[in-house]
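Heads up: the protein sequence lines correspond to chains A and B, in order.
Numbering follows UniProt numbering, with no gaps: position 31 of the first sequence is 31.
Numbering follows UniProt numbering, with no gaps: position 111 of the second sequence is 111.
The beta carbon of each residue, even a glycine, is placed where N, CA and C say it ideally should be.
The structure under discussion appears below in the form of C-alpha cells.
Protein chains: 2
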Amino acid sequence: MARADYANKTISLGIVVFPGFDPLDIFGPLELFSGISYTHNWTLSLVASKVGPVSSRVPPHVMVPGMPPLEAGHMLQQSIVATHSFQSAPKLDILLIPGGMGNVFLDQHNDTSIEDFVVQRFVEVDYLLSVCTGSFSLAKAGVLNGRRATTNKASWGWVTKSYGTNVTWVPTARWVEDGKIWSSSGVSSGIDMTYAFLRHLYGSEDQGLTTLMSTIEYAPHTNPHWDPFAVVNKVPGANETASLADCVAPVGLD
Amino acid sequence: MARADYANKTISLGIVVFPGFDPLDIFGPLELFSGISYTHNWTLSLVASKVGPVSSRVPPHVMVPGMPPLEAGHMLQQSIVATHSFQSAPKLDILLIPGGMGNVFLDQHNDTSIEDFVVQRFVEVDYLLSVCTGSFSLAKAGVLNGRRATTNKASWGWVTKSYGTNVTWVPTARWVEDGKIWSSSGVSSGIDMTYAFLRHLYGSEDQGLTTLMSTIEYAPHTNPHWDPFAVVNKVPGANETASLADCVAPVGLD
C-alpha cells in the first residue's frame with residue numbers, strides 16, 4: 001500500500017558522504033532514486049563536512065588495538081562532489097547514511113559530525129536509511145536505542161559492540177525495517193532495500209519502478225530474511241538452516 | 001585458469017566518463033576493481049574530456065526523430081571527479097566504457113571523443129570492456145566489426161542499428177566475451193561481468209576475490225546466458241524458453 005502523502009510531493013533526499021565512504025553503498029540506491037525521479041519529483045543533497053569533492057580513499061585507521069593502522073592508501077579511489085555541507089543541507093524527507101571504513105577513522109578521531117547531523121535531522125525526516133556499516137553511525141547517534149537494525153555481516157563484531165543501548169541487532173537480515181528506520185546489510189544489500197523501500201513509498205503497482213528495474217536489468221532479492229552472508233561471515237545467531245541461495249527474476253512479470 | 005602475466009603486475013585501468021554517464025555502470029564494476037586492489041596492484045584513471053567534475057545529468061537529446069528533445073534535467077544527478085583527460089591518460093591495460101544516455105547527446109552533436117580514444121588505445125589495451133550502452137561507442141569506434149557483443153536490452157533497437165559492420169549482436173546474453181572485448185548488458189550486468197572478468201584474470205582460487213564478494217554481500221549471476229531482460233524488453237531473437245529466474249548464492253562455498 002503506497003504512502004498517500006508521497007504520491008505527489010517533491011521528496012527531498014539527503015545522502016551523507018565522508019572520506020572513505022563506500023561508493024556502491026550510495027550508487028546502488030541512487031540508481032533507483034535517480035531512475036524514479038524521471039516519473040516522480042525528487043531532489044538530492046549529497047551532504048558532507050563541506051561542499052566539493054569527497055574521496056572514497058580510507059585514511060589509515062586502527063582496526064586491532066595495539067596494532068599499526070590499516071593502510072588502504074594504495075587502493076583505487078574515486079571522488080564524488082558533495083553539494084551541501086551539514087550546515088547548508090535543506091529540509092530532508094529521507095536521509096541515507098552509507099558505510100565505508102572512513103567512519104572508523106572519524107570515530108577514532110572523535111569526529112561526530114555524521115552522528116550530530118543524524119540527531120539534528122532525526123525528528124524532521126520521515127525515513128532514516130543506512131547501508132552497510134552506516135548503521136554504526138546510527139547506533140552511535142543513539143537513534144537505534146530500543147530498536148532493531150542490521151549491518152554488514154563482515155563487520156558484525158565491531159559494529160554491534162561499539163555503541164547503542166538495547167539495540168536489537170538482527171543477525172539474519174538482508175535489511176531490517178523498524179518504524180521509520182531502515183537498515184541494510186552490506187553494500188549490495190542497499191539496492192535490494194531501496195527497491196523494497198520504493199515499493200513501500202509508491203506501492204507495488206508503480207509502473208515507473210517496474211520499468212526502471214527492467215532498464216537497469218536488476219532482479220532484486222525481495223526477501224529480507226535471505227542472508228547467507230551472515231552464515232558465510234560466521235555471525236553468531238545466524239540462521240544456518242535457511243537456503244544459502246535465492247532465486248531472483250525480473251519484477252513485474254505477474 | 002589465471003592469466004600468468006597479470007599475477008604480479010600493476011594493472012592500469014581506465015574508465016571513461018562523460019556528461020550523462022550512468023553511475024552504476026561504473027560503480028558496480030569499480031566496487032570489485034577497488035576491492036581487488038587491496039590484494040593486487042592496480043591504478044585507476046577516470047578519463048573525460050577534461051579533468052574535474054563530470055555530471056550524470058543527461059543533456060536534452062532527441063530520441064524520436066522529429067519529436068522535441070527528451071528532457072532529463074529534472075532528474076537527480078551526481079558528479080564524479082575525472083582524474084585525466086583523453087590527452088593525459090596514461091598507458092592502459094584495461095579500458096572500460098560505460099553507458100548512459102549522454103552518449104546519445106554526444107553522437108547527435110558530432111562529438112567523437114570517446115570513440116577516438118577507443119580507437120587510439122585499442123591496440124595498446126589487453127582488454128576493452130563495455131557496460132550497458134557503452135557498446136554503442138565501441139560499435140561506433142569500429143572495433144566491433146566482425147565481432148560479437150551485447151548491450152542494454154532496453155536500448156537494443158537504437159544501439160544495434162546505429163553503427164558497426166558485421167557486428168553480431170547477441171540478443172540473449174548477460175555479457176559477451178569476444179577475444180579481448182567484453183561487453184555486458186544493462187547497468188547491473190556490469191558487476192556480474194566484472195566478477196567473471198576478475199576470475200578470468202586471477203583464476204577461480206583467488207581468495208581476495210572470494211572474500212571481497214562476501215564482504216560486499218553480492219551473490220553474482222555467473223551464467224552469461226541468463227538474460228530474462230531480453231525477453232522482458234522484447235528483443236528480437238531472445239531465448240524465450242530459458243528460465244527467467246536465476247538462483248544465486250555466495251561464491252566460494254564449494
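- With a threshold of 7 Å between beta carbons, MET75 (chain B) makes contact with chain A.
- Using a CB distance below 8 Å, the part of the region 36-61 of chain B facing chain A consists of SER37, TYR38, ASN41, TRP42, THR43, LEU44, LEU46, PRO53, SER56, ordered along the chain.
- Less than 7 Å divides the Cβ of THR151 (chain B) from the Cβ of THR133 (chain B).
- Counting only runs of 3 or more residues that sit fully inside the UniProt domain "DJ-1/PfpI" (75-198) of chain A, the beta strand (DSSP E) segments are 79-82, 94-97, 127-130, 175-178, 181-184, in chain order.
- With its beta carbon at least 7 Å from every one in chain B, TYR202 (chain A) lies outside the interface.
- As the crow flies, the alpha-carbon of PRO250 (chain B) is around 10 Å from that of ILE216 (chain B).
- Within the region 172-195 of chain B, contact with chain A at the beta-carbon level (separation under 7 Å) is assigned to SER185, GLY186, VAL187, SER188, SER189.
- Pairwise C-beta distances place the region 228-236 of chain B out of contact with the region 235-245 of chain A, as fewer than three of them are shorter than 8 Å.
- Taking a beta-carbon distance threshold of 7 Å, GLU217 (chain B) counts as an interface residue toward chain A.
- Under the 7 Å criterion on CB atoms, ALA238 (chain A) is classed as non-interfacial with respect to chain B.
- Counting along the chain, THR210 (chain B) sits inside the alpha helix (DSSP H) bounded by residues 207-215.
- Relative to ALA154 (chain B), the option among B:GLY52, B:LEU209, B:GLY100, B:VAL16 whose CA is nearest is B:GLY100.
- Cβ-Cβ distances below 6 Å link LEU212 (chain A) to GLY35 in the same chain, with the five nearest sequence neighbours on each side left out; the list follows chain order.
- The three-state reading of DSSP puts SER34 (chain A) in helix, counting H, G and I together.
- Taking the beta carbon of GLU205 (chain A) as reference, no residue of chain B falls within 8 Å; the closest one sits roughly 17 Å away.
- By DSSP's assignment, TRP42 (chain A) forms a beta bridge with A:ILE11.
- Scanning its chain for C-beta atoms nearer than 6 Å, with the 5 sequence neighbours on each side dropped, one finds around ARG57 (chain A) the residues GLN77, in chain order.
- Per the DSSP secondary-structure output, GLY52 (chain A) pairs in a beta bridge with A:ALA82.
- DSSP, reduced to helix, strand and coil, places LEU253 (chain A) outside both helices and strands of the structure shown, so it counts as coil.
- GLY102 (chain A) is a Cβ neighbour of PHE21 (chain A), given a cutoff of 7 Å.
- In this structure, the beta-carbon distance from GLY14 (chain B) to LEU92 (chain B) falls below 7 Å.
- In terms of Cα proximity to LEU46 (chain A), the closest of A:HIS61, A:VAL17, A:PRO65 is A:VAL17.
- Cβ neighbours of LEU44 (chain A) within its own chain (closer than 6 Å, five residues either side excluded): LEU13.
- Secondary structure at VAL47 (chain A): strand, using DSSP grouped into helix, strand and coil.
- In terms of beta-carbon proximity, SER79 (chain A) lines the interface with chain B, with at least one pair separated by less than 7 Å.
- Using a 10 angstroms sphere on the CB of LEU253 (chain B), the tally of other CB atoms stays under 16, which defines it as exposed.
- With fewer than 16 other CB atoms across the displayed protein chains lying within 10 angstroms of its CB, MET67 (chain B) is exposed.
- For VAL248 (chain A), the enclosing beta strand (DSSP E) has its first and last residue at 246-248.
- The beta carbon of LEU95 (chain B) sits closer than 6 Å to those of GLY14, ARG121, VAL125, LEU128, all from its chain and outside the five residues before and after it, given in chain order.
- The criterion of a C-beta distance shorter than 7 Å is not satisfied by VAL170 (chain A) and LEU144 (chain A).
- In this structure HIS221 (chain A) is buried. Its beta-carbon is surrounded by 16 or more other beta-carbon atoms within 10 angstroms.
- Between SER184 (chain A) and the set A:ALA89, A:SER113, A:ILE11, A:ASP227, the nearest pair of CA atoms involves A:ASP227.
- Proximity to ALA141 (chain B) across B:VAL64, B:LYS9, B:ASP107, B:SER189 peaks at B:ASP107, based on C-alpha coordinates.
- Spatial neighbours of GLY190 (chain B) in its own chain (CB-CB distance under 6 Å, excluding positions within 5 residues in sequence) are listed in chain order as ASP25, GLY28, PRO29, VAL131, SER184.
- Per DSSP, the unbroken alpha helix (DSSP H) holding ALA230 (chain B) starts and ends at 228-232.
- In the structure shown, HIS61 (chain A) adopts extended strand secondary structure according to DSSP, grouped into three states.
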